[in-house]
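Asker: Using the working numbering, read the sequence shown as starting at 7 and increasing by one per residue.
Sharing a structure, written as structure tokens. Questions coming.
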Amino acid sequence: MIDKILKFNKEFVARKGYEQYVTDKYPDKKLAVLSCMDTRLTELLPAALGLKNGDAKIIKNAGGLIMAPFDSAMRSLLVAVYELGVMEIMVVAHTSCGACHMSFREFEHHMLDRGITVHTLNTIKHSGIDLDHWLEGFHDPEQSVINTVATIKNHPLLPTDIVVRGFIIDSETGALREIAG
Numbered sequence: 007m008i009d010k011i012l013k014f015n016k017e018f019v020a021r022k023g024y025e026q027y028v029t030d031k032y033p034d035k036k037l038a039v040l041s042c043m044d045t046r047l048t049e050l051l052p053a054a055l056g057l058k059n060g061d062a063k064i065i066k067n068a069g070g071l072i073m074a075p076f077d078s079a080m081r082s083l084l085v086a087v088y089e090l091g092v093m094e095i096m097v098v099a100h101t102s103c104g105a106c107h108m109s110f111r112e113f114e115h116h117m118l119d120r121g122i123t124v125h126t127l128n129t130i131k132h133s134g135i136d137l138d139h140w141l142e143g144f145h146d147p148e149q150s151v152i153n154t155v156a157t158i159k160n161h162p163l164l165p166t167d168i169v170v171r172g173f174i175i176d177s178e179t180g181a182l183r184e185i186a187g
């Protein structure tokens, strides 16, 4: 698949397909969106929010959440605020999210089936990494949004003038529902 993508890319550049996407690094709407990496949202999310290329910083991860105050998603949001002028942050979870059902116990079986050894897993666990927590999803999307919004709003490095709001988007229709927190 990657070789096909590389072939397409070469043709894309040759025909100057990039020209319609040219913008700079600063988001025109001073907005950052933290959302899930779900493939259903790739085009639906920006379309449903009325965003075009250059409007917002879109940060995606499994579940669209902040796992810890100093994880990579929070780091990206802080960079967006301090380096790129973001003034508003939307946390957007979605319906039928696969992260609702994630658990290390399930991953562990898959990992072992794919050649990761019990020794490797034990070494990681003994190094202080809590795989049960790190690979755990969530069971209540609304509570996940509330928790993520609270983590962002209460972050010691986030200025108090930044607006942070949480939503759940319907994975089929794109309808947004605000989650009060």
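From the three backbone atoms N, C-alpha and C, an ideal C-beta is built for every residue, glycine too.
Values in this document were obtained by computation on a predicted structure and should not be read as measured data.
1. What's the gap between the Cα of ASP61 and the Cα of LEU50?
2. Taking just the CA atoms, how far does THR179 sit from ALA53?
3. Does the distance from the C-beta atom of THR123 to that of ASP176 stay below 9 Å?
4. Shortest alpha-carbon distance to ALA181 belongs to which of ALA99, GLY143, VAL169 and THR126?
5. Please name the residue, chosen from LEU37, ASN67 and ILE185, that lies closest to LEU141 on a Cα-to-Cα basis.
6. With H, G and I counted as helix, E and B as strand and the rest as coil, what does DSSP make of SER177?
7. Can you tell me whether DSSP reads ASN160 as helix, strand or coil?
8. Buried or exposed: where does ALA20 fall if 16 or more other Cβ atoms within 10 Å of its Cβ makes it buried?
9. Could you tell me whether the Cβ atoms of LYS63 and ALA86 are closer together than 9 Å?
10. What residue range does the beta strand (DSSP E) around LYS66 cover?
Answerer: Let me lay it out:
1. 15 Å
2. 11 Å
3. no
4. ALA99
5. ASN67
6. coil
7. coil
8. exposed
9. yes
10. 62 to 67
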